[in-house]
Each structure stands twice: as C-alpha cells, then as structure tokens.
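Visitor: Chains as they are written, first to last, in this note's numbering: chain S, 1 to 330; chain U, 1001 to 1330; chain X, 2001 to 2330; chain B, 3001 to 3330; chain E, 4001 to 4330; chain W, 5001 to 5330.
For reference, the structure I am asking about is given below.
There are 6 protein chains.
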Amino acid sequence: MTNVNERSFKPADWGAAYEPGTYGRLPHIQSLDEAEGLDYLIAGVPFDTLTSYRAGTRSGPAAIRAAYGTGSFHVEHDIAVFDDINGADYGDLKVTNGDTPKTFSVITEEVGKILEKGIIPIILGGDHAITYPELKAYKEKFGPVSLIHFDSHTDTWGGAEDRPYPNHGSPFRWAIEDGCIDPKTSIQVGMRGLMGDEHDYDFANEHGFRHILAVDMHHMGIKKTADIMREIVGNRPVMVTFDIDFVDPQFAPGTGTPVPGGFTSFETLELIRLALTGLDIKGFDLVEVAPNYDPSEITQLLASRIIHEFIALIACKKAGITEYAYRGKE
Amino acid sequence: MTNVNERSFKPADWGAAYEPGTYGRLPHIQSLDEAEGLDYLIAGVPFDTLTSYRAGTRSGPAAIRAAYGTGSFHVEHDIAVFDDINGADYGDLKVTNGDTPKTFSVITEEVGKILEKGIIPIILGGDHAITYPELKAYKEKFGPVSLIHFDSHTDTWGGAEDRPYPNHGSPFRWAIEDGCIDPKTSIQVGMRGLMGDEHDYDFANEHGFRHILAVDMHHMGIKKTADIMREIVGNRPVMVTFDIDFVDPQFAPGTGTPVPGGFTSFETLELIRLALTGLDIKGFDLVEVAPNYDPSEITQLLASRIIHEFIALIACKKAGITEYAYRGKE
Amino acid sequence: MTNVNERSFKPADWGAAYEPGTYGRLPHIQSLDEAEGLDYLIAGVPFDTLTSYRAGTRSGPAAIRAAYGTGSFHVEHDIAVFDDINGADYGDLKVTNGDTPKTFSVITEEVGKILEKGIIPIILGGDHAITYPELKAYKEKFGPVSLIHFDSHTDTWGGAEDRPYPNHGSPFRWAIEDGCIDPKTSIQVGMRGLMGDEHDYDFANEHGFRHILAVDMHHMGIKKTADIMREIVGNRPVMVTFDIDFVDPQFAPGTGTPVPGGFTSFETLELIRLALTGLDIKGFDLVEVAPNYDPSEITQLLASRIIHEFIALIACKKAGITEYAYRGKE
Amino acid sequence: MTNVNERSFKPADWGAAYEPGTYGRLPHIQSLDEAEGLDYLIAGVPFDTLTSYRAGTRSGPAAIRAAYGTGSFHVEHDIAVFDDINGADYGDLKVTNGDTPKTFSVITEEVGKILEKGIIPIILGGDHAITYPELKAYKEKFGPVSLIHFDSHTDTWGGAEDRPYPNHGSPFRWAIEDGCIDPKTSIQVGMRGLMGDEHDYDFANEHGFRHILAVDMHHMGIKKTADIMREIVGNRPVMVTFDIDFVDPQFAPGTGTPVPGGFTSFETLELIRLALTGLDIKGFDLVEVAPNYDPSEITQLLASRIIHEFIALIACKKAGITEYAYRGKE
Amino acid sequence: MTNVNERSFKPADWGAAYEPGTYGRLPHIQSLDEAEGLDYLIAGVPFDTLTSYRAGTRSGPAAIRAAYGTGSFHVEHDIAVFDDINGADYGDLKVTNGDTPKTFSVITEEVGKILEKGIIPIILGGDHAITYPELKAYKEKFGPVSLIHFDSHTDTWGGAEDRPYPNHGSPFRWAIEDGCIDPKTSIQVGMRGLMGDEHDYDFANEHGFRHILAVDMHHMGIKKTADIMREIVGNRPVMVTFDIDFVDPQFAPGTGTPVPGGFTSFETLELIRLALTGLDIKGFDLVEVAPNYDPSEITQLLASRIIHEFIALIACKKAGITEYAYRGKE
Amino acid sequence: MTNVNERSFKPADWGAAYEPGTYGRLPHIQSLDEAEGLDYLIAGVPFDTLTSYRAGTRSGPAAIRAAYGTGSFHVEHDIAVFDDINGADYGDLKVTNGDTPKTFSVITEEVGKILEKGIIPIILGGDHAITYPELKAYKEKFGPVSLIHFDSHTDTWGGAEDRPYPNHGSPFRWAIEDGCIDPKTSIQVGMRGLMGDEHDYDFANEHGFRHILAVDMHHMGIKKTADIMREIVGNRPVMVTFDIDFVDPQFAPGTGTPVPGGFTSFETLELIRLALTGLDIKGFDLVEVAPNYDPSEITQLLASRIIHEFIALIACKKAGITEYAYRGKE
C-alpha cells in the first residue's frame, strides 16, 4: 500500500522523468491500493456506444490528457493548487464499447471504490450516458446527491424504456427515476437549441428539476446565474457533470452534438469559479469531447483547463476558501 | 399534383424511413407541381463562379443539409415550429459553374415560379452573386422589395460594368440599378474591415441605402440595432439575404472572404429573432458557406441553425406573433 | 407499385433535376414497394456500435454517397453499365446505435425482403459486425452461401461468447457457427498484420475456411490470387463482403483499424474484376469507411468506385459476360 | 532591359536574401523586359472558373511555389540542373475568375509573348481549361504542335458548344477543332475510370488522337509506354500538359476530379524522364492542383517535383542529352 | 538607391502585376538600399528554435503574408491608409533554426539598420524569443524603450541562466536585465492561465513592470484598459510586441502555447486602436503564429489584420491623429 | 530493483488495467533500475531543434505510442513475438528544445546506460540529428559500429562546421569523423531527390560509405537490395536508423522533409524483414515523424508497425532464426 508521504502525487516537473500519457503529468497508479490518502483521482472512460449523432468521444480521455496547460499557481483563485492536495491518474477503466451492461457495471463498481476511499473522482468521458452508472455509485455512498449539470441539452429525454439502460440523451431521467439525484436541489444550466418535442422539459418540471436556459444566462450574466445555482444546491453533497457542448461549438467543435448560441471560454471558467467554489462537491465528470472533429485541438485544451479548475476547487475547499473573490461588478 | 393533406411535409422522425440528403430530413420534391400549398421551399444553388478570393461555396448547400440540428420545438420563440406549416426540399437548381448567364436565368426563373405559387423560397448558396438573379424574380412578383442584408461587406462595389452580370462583390449595386430593391427602405448590417476604396459607401449613400457598421452594432447592442432595422423596413415586403461572413471568422471559418471583428453565434441568432419576427418576409437566402475551409464543420452547423431560425420566423408569422419576446434589458 | 417502365432507375443526368444524397444520383425510393423489378438496391447501415478501435463508420454511408465519380461507360469491362439494369437508393435502414439486438433484427428483416424480391442488395456500412445479420437473411433465402471476403483481418476472433451478438472482429465466426456460410467454398483474402493470438486462424482452419495472406498475394500477383478465389467458389451462390481496410491505409486512411502492407487502388479494382466477373453473386456489402479520419476524402472516393465495380459486375452478369478480359500477362 | 550576365537567374541560396513566394526561390520578374535571354519562365494562372466538380485550383500556383524541394543536382539524370540554364518566376497572370473571355485573352497574349522571346513557359494552373488559350499561343508561333497529355480524363468531351469557350473537360476537343494541335502526332496517357458516355473516345479516334489507358500502362510498364509516346511524337515541336490527376488520388488527393487506379510518384517521375528526355518541347503546364483538399500538402510537393523534372529536361536538352539513361530492365 | 518618388510603395492593385508572397501585395525589396525614405518595412523571422510546447511558428511569416484582407480605406479610423505613407516587404531575415547565437546577431543587426534609417520595422515571427534581439537594436538607437506587450503569458520566466540567450518564455526578463526596456513605463496585458510558479510575477513586480490580468480586462472593459496603458507609457518611445495567444485560442488556434479565457477579435482590434493611436511607436512585432495547427487559416487572417492595424496607426500618426474616435460608451 | 520474474514486461491485455501512453501498452518504467534483465527498451526523444524545413517531430514519440496496432503473433515471421522477450517503455528522455549541447549529453548518457545493461534501445525521434549522440554511446560500448540507414537523404551534408554539433542533415558526416561508425561495413538505402550539390556523395564515397539509390532499389527489387545490405554488414555489431521519409510521402506525409519517389508500406516492411533478420543489431531508432502534417494519422501507424518489426527481429534473434523465410521469387 502506497503511503502518500513516500511518493510524490504532484504533477511531474518539466525537467523530471516523464510520466507518459497521464493528465497533467500526474503519477500513474495501476491499482486503487496505491490511491490511499489521495484527495482526487483522474480516470478515463473511453466509451461512446450510446452516442446519437457524431461518434468519437471514446478518444476524449487520451486527447484531454495530451493537451497543453498545467501549472501550479492559479492566478484568479490566488492559490498554489498542488501544494496541499495529492492526486493521481488511474488510467482508463476497462470499458467495452458495444457492451453497455458490462461497461456500466465496471463504472459503478470502480467509481464506488474511489468514493469509498473518500477520494474525489474526476472522470473523463466518453459520452454522457456514463454519468448514469457513476451516479449509481454516488447514491450507494451518499444517497441522492444534488446535481450541477452544465450542458446545452437537458439529457432527460424519454424513449429508451425498452432497453435496460439510457442513451446519452437520457441519463438524468434514469438517474431521477432511480433516486440517484435529488431533483429539487439540483440544477441544469446552458440549455438551448431545438428540442425534439414541446414537452422536453415536462419530465424535469414534474420532478422539480430546475434549469437555466442559455438565453437567460446570456441576458442575466454569470454572476446572477451563479447565485441562483448556489442557492438551489446549498451545502448538500454535490456531483458536478460538465458536457463540453455547454460551451459554444466555436469554442469546442470537437463534440458529438454541438449547439450554437453557447458561451465563451472566459464565461465558462469564470462561472465554474463563481458557482462552485466552496460547495461540498463529492465528484466530477467532463464528457462528450470528440477530438476527431477538432484538428486545432482547442476542445481538449479547454477541457484540460476545466479539469484544472476542478482540481483548483478541491484545493480551495481544503484551504477553507468558501467563495470566489469575484472582481466584476455585481 | 400533390395535396398537402395526403403527404407529410414535416421533417422525418428519426426512426422513420430516412430521406437522404435533404435539409432537416424534409421530404424531397422533384417538381414544383408537388409543392402546391406549401409554406416554404428549400433549394440549393451550388454556384461559386463569381467568387473573388477562396473558392468552394458550391459545396455549401450539401454541407448545410448534412449538418446536425433539427428539432421541432423552438425554445426562445416558445413555438412548435413544424406544427402548422409545411415545407420541402427541392434539391439543387440546375446551375452550371462557369456559365453565368445560363445559371442566372435558371435562378430567376425557378425562384419566380416558387414566388408565383405563394411559397417562401429559402435558397442555400453558393456565392453572393446569386442574390442578384433572385432579386430579379422578386421584382417581377412584388416590384422593388425592401432588402435586409447581413454581411461584413457592402457588396455594392463597382468595376464589373463591362460584363453583363455582377460578381459576388456587387450584386446590390446591380439590384439597385435594376430597380429590384427599394434602397430607402432597405438596410445592411455588419460592415467592417478594409474597404477597397474611400468611396465604397458612396454608391449606397447616393441611393439612400442605409448601413450599420459592425463597430456601431458592437457598441449599441443587438436590441438597438434591431430597432433601427425594423423602423426602416416597416411593413413593406422584404427579402432577407444572409452572408455567413456577417458572423466572425472564428464562428464561421468556412467562407470565402472572412473578416475579423464580427459577431458570436448567440448575437447573430438573437438579432435575427429581434429584427425579423413579424415582418412581411417574402423570401430568404443564406450564402457563402465554403465547407472545405472548415474541417470542424461548425460553419455549416451554424448555417443550418440560421435556416431553422428562418423557418421559425415563418411559423411565428403564421401564428400571428408580431414581435420577439425579448428577455434582455432595453 | 412502381413499374420500372414508368420511372427511370438510372443515375440522373448532370443537367437533370438533382436527386440529393443518393448513391450516384440514383433515384431514391422510400418503400420496397417501389423496388419491384429492380436489379439492385443500395442501402446504408450507419451503425458503428461494435467497433473496437477508432469510431465513426456510422458516417460512412453518407460519405460514400457524396463522393465524386459516376459515369455510364466502364472502360475496362467495355460495357455501358446502366443501359440494361435498373437500381435505386433505399436510403438508410433504421438502425439505433447502442442497441445491437434491435438493429440486427432490422438488418436481417430488410435485407431478407430485398432478397425475397430477387434484388441484389448492396449495403454500405457501418462496421463489419453488420455482415452477420445480413448473412442470416441470405441463409433464410439461399441456405449457406459461399463468402468472398476482402479484409486485412480474419474477423473470426473469439471472446464475445457471453453476448448475444458478435463485435466487428467476429462476424464470420458467428456466421459459420450459425450455418450462414459454407466455409469450404468460401475464401478470405488480404490478411496481414499482427494477430491477437497465435491461434487466430485455428477456428477458420478447423472449419475449412481458406484465406490468402497479403504477403502471398503480393508475391503471387492478382491473376493467380483471382484464379484461386474463383476455383474455390465455383458456381455456387455468393455473398461478397468488402472491408475497406483490405486496401493499404495510405489508400484508405478513413477506417477504424487500418493495417499497413495492403494493396493499391489499381490492384484492388483489377482483383475485383478478375475474381468476381461472372460469379453467381447474390449480394454485396462494403464496410468500415470512417470518413472523419480522412480530410482528403479519398477513402470514400475509392469506396464509391468499388460500389460502381459491383454494379458493373451485375451488368456484366446480365449481359452474359462470364470472365474479365484481362490485358495483363499470365 | 535586364542582361542575364548582370543578374543571377538561379534559385537563391538558402543563406541568401530570400525571394518570397517564387517557385524554387527563383528571382521574380515583374515585366517580360527582364526576361530577355532566359531559358524558361514560370507563371501562375490561378483560374478555376471552369471546374466541374470540387473547386479550388485557383490556389494551386501559390501552393506549388510554397512546397519544399529544390536542389541543384539531379541524381537520376546525373546533371547539375541550374548550371547552364537561366529562369525566373513571372508571378501570376492577371486572371479574373468568373470572366472567361477576358482571362483567356490574357493567357493567350502573355504565353504568346513568352514564346516570342524563345523562352519555354512553364505554367502552373488552375483548371485544365487554361491549356486551350495556351495552345492558341503555341499555334500562332509554331503552327499545330504535338501534344503530350498526362491525365486520367480525355478532356475531349462535347457539350459546351453553345459557349464561346470550353470547360475543363473539353480543352482538347476545342484545340483540335481550332488546329492548335496535330492530333496524329499527339498522345494522351493515363485514361481510366467511368466515362460519361460510350462514345467518349469517338472524337479523339476520328481525329487520330492516340491514347494509352491506365490499365494498359499498368500491364505493359513505363518503359514500353514511354517508347510508344516517343515514337508518335518524334522530333516535332511539342507542348506537354500534365493534369495532376494522372497520379493516383492517394498520391495527389488535392485535385478536383480524382480517379482511383492511377500511378505512384516513382512511376510518374520515371515515365516523365523516359518519355520526354531529348524531345523538342516548346512549353509545359501542370494543372488541377487544389490544395484545400490536401492538408498533408503532398500534392503540391509532388507537383513541385514534377516542375523540377521539367526544368531538368530543359537542362538535359541544352546539354545535348537525347535519352534518359534508364537503369531498369527492358 | 531607390527614390520613393520613382517607384510605388503601395499595395499592388488587384489587376496589376502580381507581387508574389509579400505582405498585402506590397513591393518586395532585396536590399535596405531600396528602402530609403520608407515609413515602414515588413520583415519575416521564421525562427522557432526556442519554443517550449508545440512547434511550427517558423511557418508563421509565410502564412500571414498569404492571408486575405488588404484594402486601402480603414473604416473605424476613417482614413485612407496608404495614401500618405510608403512601405515594402523585405522578405525573411536569414535565420538558421537550431543556431540561436547566429540568428540573434542577424536580427539585432538587421533591425538596427532599419531603425537607423528612421523606418518603422514590423517583424513577423517566429517565436517570442526573437523580441529580445530586436530590443537590443532598439536600445542601441533609442536607449531603453517603453514596451507595450500583448500576451497571455508574462514571458519573464527564469531558469535559462545557464545559456547565453533566453527561450520563448523569458525574453523580457533578459531585456529588462540588459536595460533594453524601461520597465516602469512599460506594460503587459492579457495574462491568464496557470503559472509555473507562485512567484511568476515577482521579477516583473520587483522591476516595476506593470501588467493587467485578462480577468481584470474582462471586467473593466477595453476602454478602461486602454486608458491605463496610455497613462503608463505617455509620450515615450515605444516598442509594441503582440503575441497572438493574447487572443482566445478559439480565435487563434494556430499558436504554440494557447491559453483559454482570452479575447475576441473585435475586443483585440478595438483595444489596439484605443490604446495605441497617437503614441510614439518606434516598431512592432507580431509573434507565435503556428499555422499548422489551424487548417481553417483564421489565425493568420487575424494576424494579417492586426498588422494592418499597425500600418493604420503609422498612417494616423503621420496624419496628426492623436486619439481614436471611440464610438462606445465610457 | 525489479526482477523480470516478478512483473510482466509484456503488452497489457486489452481487458487489463490500462497503461496509458506507452508504446504498445508495455509497462512504463521510471528508472533504469527497473530495467534489469530486459531485452529491449523504448524511449522517446521529442527534440526537433535541428530541423531544416517543416517543424514538429517533437510530437513524434507521443504520436507513435498512440497509434493502433499491437498484437502478439507475427504472421510473416510465424512467431509469437512477446513470448520469450521482455521490454518496457522508459518514457521520454529529458530533452530541452533549443538547447542542443545539453540535450545531446542527455541522449549519449542515457543510451549509454541502456547499452551498458545489455539492453537493446529503440529510440523514437525527434529529428535525425539525435542519431549522432546516440552513436557516440554505441562507440563507447562497441567501438565503431556498422550502420544500416534507411532514408531518402544521405544526411552527410557539410556546412555546419562552425557549430559544435550537426543539424538534422549531417549526423553521419559527424559520426564518421568521430569514428562512431565504420563506413566500409555500413550502408544507406533509399536516397533520391534533388541534392544540394553535385558533390553530395563525395564525403561518403571518400570514406567508403556505400549507398543504394531509390531508383536502383525500384529496379532491382527488395530481395536483391536486401542481399547487398546483408553482404556489406555481415556479422558485425549493427545500429539501425530509420528515417520515416525513406517511405514515399504518400505513405508517410507526416514528416519534415518528404521526397517523392519512395517506397510502399509493404516494400518497406518486407525489406526490413529480408535485410535485418538474424543480424547482430545492438539498437534501433526511428526518426522524423511529424504528426501535425498528417491528420489521417497514417504516418504514426506505419511508424508504430515498423517498431513492431524491430521487436520481432529481437524475438527472431533470440529464437535463433537467422534468415527471413521469403515467399517471393528470387
């Protein structure tokens, strides 16, 4: 069993022995036994079987890991991110594309073990269906959690009831029905575009699951948006799920179902800081990065940076920071 | 002769027999005889002979049709778009690249027939020169129309007077001279960048053709911009022409003559809703999509969405909605 | 019910009304009722759920249809391909990515109906797993058929026995076990690269399923290779399945599991002509085109041409041509 | 007037002042007055108005110039290419895309002036239609020339008789009818793929214009092919036109109408050396490079190398070399 | 020696003889002797030896020159840019990638000669390390200059003290230590992202070198940002250095070390106009354009436009304009 | 110290815990202490400072590792590659782009340590200059080795004598002068294209360093070529260096200085097997893979396969196989 005192669980120095293929050059662990005492753990889920439109998010985890951009000091939070927290990269979970039941079992089991050790999982998708088996593990550990969901879609579609699992458009309908999330203290933000049906929001509305439309966030601004999100969630245990298509397609073209009318990289990063700092977050995922549609590699660059914001939130929490020092006007 | 009651002129269900290669999976019609009673008709004009810089807009219609993004319910307008209107895809008009006179005749004739049936044409270009033969058909039917023109260029350049047709930089000079449009009730918006000549706006100014520079739209905002546009056009018959380079190159790299300093996808979509809802629009085109310069396919995605906004405007008009329910501040 | 005498089932003239999004500008049919009397029928199967490596073959059918390259006269066969045969494009079958059992049922059922009408199906994949439900339809109609299989992989891997269907690496193991194909009169050609296991060929060998390695085909040449293939198959009913990765990755980069050491486009086209002309072919498929890995669009170009070769074989057969007039040396 | 003794008309040394944007870093001349005494002159014709399929060859000349690959010593010919010949880059001719009559006049006039000075023009296209106005200049100077034509298409299609100029599929029909070329001492090589019509070769056959099909060249080899070509042309004045789609699409994806079944780069370069060394070549062009379909930039790399082979032929001719020292077997 | 009265030092007309490969079709000069009397001179420095992350800025100068977008009339400044100023393109300096000392000497020497003639150099990079040898030439001529530095990084990192030159992350540390710039009247703007170390700003702070973080510029707006910049610099001699990664990666993906959270093209262009108009600018550079990461070519398009803004500033200065006529609100 | 008996030094099973970012999913070692008893060791050298033309080979090692294509059974050699040999991936050496002396020291030292342990290094480049410091380590251990060099260039250029190290065009000139290689028992194969100078081969010829031109290899075939190579090298200790531009640019577009007229993937793989099986090879490198010029990812795919051929050679050697069982004709 690894002792965090005996091994460095920080990003490798640029000049040090290179840890190939891990997020942010973090150390790679092959077994959860090595994870004892860590604050967070990165794991990839290269599974895209349940994608409805463009394929390729199975290549997301590797792309996010390869992107440029680590560094230890976070200017906006004014904190040295890695000084007081430890983390590692667990590699990819053993998914089998095409075999959903088997893959979902692996996800629930592995995420469950990570949570059991008191470690915050940061999962790199994969398509959004994977959040459903993740949430089953959260329920096991915490009971129904509050969900904070960044996306351009509601992902509460119906229509797959004849199958034993959701597709990437319905994980949250299934999660609500299974009692994995508490809809009344959960919130979705960024919804826009054309709905399949007039009644797309009916399911969410019936269950008291709030959402903020993109058009409203554009008009009221990120500060007001963040305030609403924090008020709904309060100090409950939270799972954060981030679909990269929350961002505008022009800032994240490498995704399966892009929707125009989204947000810039600055709005996104600043909203994460404003809305999430100090919350009791039990875990994160970031899904739907499909690098084969982005030869400029900017989608994975932004995704990598969002993961870094997640890690910074963990560092802030540990440092007792409860709120982001916002420099903008009210 | 097709009766709209006997055939569905709605987008195909995802699970239904697939209509390959039409816009939004609409039914394909091969003859205008099948169009009787329709509200709108999509047609492609894959012609780019008159492009001055990067070639390739001939591939625009196919790319726009292939883009992701249909859906029946429009969140911002709060309307089920396809419930009360009918439309189809007419395929591409029989253009001949390299043979301008022949192609222009086809365009004028076909658009004329569509207008004659009381159907709203939505033309997918192709370079911007095609709007000139379109406007000849509008004149035939309605007399001089009011033009609403989204673009980064004025497209009123001189210099091709020795040829019997304009190039893609001068269709509106020709259209004014031919009396196709009424300049005093027409307006251009989005102009920016470097003009070929100090006197680029002289022609427009002499004819009372108003424009709003991009720099001014950036500073006064979309609401004020939309108000000016609506005031000028009033309740006259309108033709709407949208050059994709109105949008910033970063939001629409797949175009021939991109100009930095443009607008985001949200600003663009919201301006369309604010400025055009309730107007007496007789037809639309969307031009200058050159997909070979956009491997991420975001240009055609946005173009496809803009077409959807046009269809939503038709649905709003039929539903008696005269103004967009703007959620922003004045 | 359509009568082939009343409608043209030929590729549209370039100058005629455009049939958007069909293979070779063939007429599109929405129901098999319209197919009565046709010689062949194109159908897409945009399904890639069972891919093991790079995703994206769901975009194959649309890409192949969009590729350049029809024409009525076939120089090498010296035949006017479309003069005496009729065909159409049936669009895409109603597959559901992520739902294999449902999709496989649709494939078997639809291909079965096509075969029932005496029409030769030409299926555009999709990943190679789809050939298994196709073969179930062939068995229903013809009993065990002879298979001619172009590929760089054997696709007879084991290891998915705990699931009710194969993945894209094992359709032919399943097809043999189900009695869909007669292994002793079937043949695979083009195998190369690194096998997962020393015993990769054991299953095939045990069942008498012959293969020609790429290295042997390189050394003995296409004439000798074709002779062996024809001898094994004889005059039995044949199903032809073509995995685009038979060709070298440099000639077909747009595929999921490319393997270096393959064949040129000329070798491929000439082998098809030499090996297949005059055989009693009941149907074809062409699979594993993943266009998102090929920005130059040459993979779909070659795939489109191979489909044309298949159609030419149908024309030759109908014209009573039993052998390709080979111009090379023995 | 420039004296070749006063200025260096060789490629710039890598370490010398950089001549931006010229072929092979040759000196740039702005007026033909500076060309006095040169052996050859490069000029671009960025015109693609008459393209039938994919657009973009207007970007060909700049792409070819930007490609890597100069050097003074030619290994296969064993000659220091630039030691005894002088050349320059004339920039691009003043073409106007969309205005064919004006552009064709410019081409005929400028090429005529170059020929008049006894200089060998090497034209970088552009689409293949430009060869027609070039040939008009050759006729003026030399009477009907012999044509050596590398291509996958015959480019003798009919069907544009209602226009005062050919499109890119018919320049040689027009050139024969206008008496620009002597068909009986001319030859085409590389034809393949699907013809529009059974009678595609009728026009050529009627006029005694020989062709070698790709399939025949594949089977008889480059030596035999070259021998036939040399025999037909003899010691007559020759114009060489090279359509990059002669090469296989996989070796030259960046072109408008690619056809599978072509040749490798080695076969192409070796055929040029074998067939053309020592002939009385009055000028060259290389057309149909469309770089926007080739992100790997290999098409322009090969095109640049072919131009270098042309220059080497000029050097060989001046050095009195009449035949290529072929190292292969007969 | 060239007399500016005898030759046109303006961008070539589109219809005139083409000057291949120069910025904005300006005349090309091969020697500084031809530069006498010019107002500005463009020169490329295709050197990327000191890049830390993605390579390829050596291809920046050629890409910027090839981008679309010249024109003589500047709408926002309301000035005919080229009417009263003269300029040329000097081609690329003779750099040797891999040989830093030699290359730095060439840069210092050549920039020195340009400054000596009273001409404003506009250097196209190359990586940011090249600004250090440029600044050595400025110091020689003007003593320590004021620096205006647009970037997402501070480029004042330590850690290369064991080498005789900085890398692309430290030119300004070296420039301050060498007395090339006066830190107290200099300013950096746009810094963001993750710093290598908590003390990244220590060096700058110790020397009184001010910076404006991106987050602060986002919140206070461009007008306020520009005011601060102008106040610090005052009427001192200024060198302007622009790293294209100041802009958001989505607006400039073609760069080596992109950082999310940056600015739009409009914000960037408007800030340049607001902050720099009327200042006593002695020279400019624009660095870090790596076109191989941007197949859409929008990075070089924006870079080309920024160069044009620099030229417009020179024209404004000569015309006695001291301030930008800002149309926005305070 | 790791004992090879206690840990598996084989490629991970697909279903096993994933080893991210190593070649062929081999285990990653962080220190050479863990390498005790291994047969081979992979290491990356992401250094491209000395590249003359297109940049980007620093991204080569990561790209090669990410490519598809492991498998345990080698069909052509008829051997289970990993059964009797052990290997690992050492990650990347600590190079510093821009600092050649420091990087070269690291390379010589690390390769020296690997050789000292009796392990065969397989180095992934990087540009070709890195072979020089590698060879210094070989000389230390073995004295002058025999070199087998696959390339399109000789890499024996002169002209960098004023620097303390070669660039990527001259490593073998330096290696010969330093006595690292024994030129008389060494051989180069694949040379073609345009030489900088008539005397490019002089240096090699003077030192008795043999080469086989590409044109000769094309005409005599791979069997004869391999025979010559084996005869020259005999049973001496050999270092094998493979520049990916040996292959034709169309098979490996992702490289810095591609040269048309090269070889196919089959010719390349078969030549490696024929020429190298059974030789006393002390180490390998594969250099000049620049993935940013190959969006189809076929260059790294082929490179990955070549590395696998190298590993198969090690397995053959250990199994006592002295010659490749060639199936072709003499």
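Glycine included, each C-beta is placed from N, C-alpha and C at the ideal position.
Please read all numbers here as calculations on a predicted model, not as lab measurements.
By the 9 Å beta-carbon criterion, what residues does the stretch 4077 to 4099 of chain E contribute toward chain W?
Guide: T4096, N4097, G4098, D4099
Visitor: Please state whether DSSP places L1124 (chain U) in a helix, a strand or coil.
Guide: strand
Visitor: With a CB to CB cut of under 7 Å and the five nearest residues on each side skipped, what residues in its chain are close to H1128 (chain U)?
Guide: Same-chain partners within the cutoff: D1155, H1168, P1171, D1243, V1287, E1288.
Visitor: The alpha helix (DSSP H) that contains P171 (chain S), what's its start and end?
Guide: First-last of the alpha helix (DSSP H) with P171 (chain S): 171 to 177.
Visitor: Chain U beta carbons: is any one of them nearer than 9 Å to that of L4124 (chain E)?
Guide: It does not: the Cβ of L4124 (chain E) has no partner Cβ on chain U nearer than 9 Å.
Visitor: Considering only the alpha carbon of each residue, which of B:K3102, B:M3191, B:E3076, B:G3221 lies closest to A3214 (chain B)?
Guide: Taking A3214 (chain B) as reference, the option from B:K3102, B:M3191, B:E3076, B:G3221 with the minimal CA-CA separation is B:M3191.
Visitor: Say whether chain X places a C-beta atom closer than 9 Å to the C-beta of G3056 (chain B).
Guide: No, its Cβ sits nowhere closer than 9 Å to a Cβ of chain X.
Visitor: Beta carbons nearer than 8 Å to chain W: which residues of the stretch 4204 to 4223 of chain E have them?
Guide: none
Visitor: To test your reading of the DSSP string, which unbroken beta strand (DSSP E) runs of 3 or more residues are found completely within the stretch 5238 to 5291 of chain W?
Guide: Taking only runs of at least 3 residues, the beta strand (DSSP E) segments lying wholly in the stretch 5238 to 5291 of chain W are 5280 to 5287.
Visitor: Using alpha carbons as the reference points, say which of W:L5279, W:K5113, W:M5220, W:Y5165 lies closest to D5033 (chain W).
Guide: W:K5113
Visitor: Please go through the same chain and pick out, in chain order, the residues whose beta-carbon is closer than 8 Å to the beta-carbon of S1052 (chain U), but skip the five residues on each side of it.
Guide: N1167, H1168, G1169, G1256, T1257
Visitor: Measuring straight from C-alpha to C-alpha, what distance separates R327 (chain S) and D4216 (chain E)?
Guide: Taking the Cα positions, R327 (chain S) is about 7 Å away from D4216 (chain E).
Visitor: Considering only the alpha carbon of each residue, which of X:A2066, X:A2067, X:V2045 lies closest to R2058 (chain X)?
Guide: Among X:A2066, X:A2067, X:V2045, the Cα nearest to that of R2058 (chain X) is on X:V2045.
Visitor: Helix, strand or coil for V106 (chain S) per DSSP?
Guide: helix
Visitor: Give me the Cα-Cα distance between F9 (chain S) and A88 (chain S), rounded to the nearest whole angstrom.
Guide: 6 Å
Visitor: G3024 (chain B) versus chain E: which residues are under 9 Å apart at the beta carbon?
Guide: By Cβ distance, chain E contributes nothing, its closest Cβ being about 12 Å from G3024 (chain B), past 9 Å.
Visitor: For Y3138 (chain B), report the span of its alpha helix (DSSP H) as first-last.
Guide: Y3138 (chain B): member of the alpha helix (DSSP H) spanning 3131 to 3142, first to last residue.
Visitor: So who's on the other strand from S4146 (chain E), going by DSSP bridges?
Guide: E:V4238
Visitor: Contact check, P291 (chain S) vs A63 (chain S) under 8 Å by CB: the rounded distance?
Guide: 4 Å
Visitor: Is the shortest distance between the beta-carbon of A1066 (chain U) and the beta-carbons of chain X less than 9 Å?
Guide: yes
Visitor: Taking the straight line between their C-alpha atoms, what separation do you get for P121 (chain S) and Y293 (chain S)?
Guide: 27 Å
Visitor: Where A175 (chain S) and M229 (chain S) are concerned, what is the direct C-alpha to C-alpha distance, given to the nearest angstrom?
Guide: Computed Cα separation, rounded: 20 Å.
Visitor: D4092 (chain E) by DSSP, collapsed to three states: which one?
Guide: The answer is strand: DSSP assigns D4092 (chain E) an E or B state.
Visitor: Report yes if the C-beta distance between V5259 (chain W) and G5193 (chain W) is below 9 Å; otherwise report no.
Guide: yes
Visitor: Nearest by alpha-carbon distance to L3269 (chain B): which of B:H3028, B:L3313, B:M3239 is it?
Guide: B:L3313
Visitor: Using DSSP with H/G/I as helix, E/B as strand and the rest coil, what is Y5165 (chain W)?
Guide: coil
Visitor: Mapping the DSSP letters down to three states, classify A5315 (chain W) as helix, strand or coil.
Guide: helix
Visitor: Where does the unbroken alpha helix (DSSP H) through A1055 (chain U) begin, and where does it stop?
Guide: Neither: A1055 (chain U) is in no alpha helix (DSSP H) and is coded neither H nor E.
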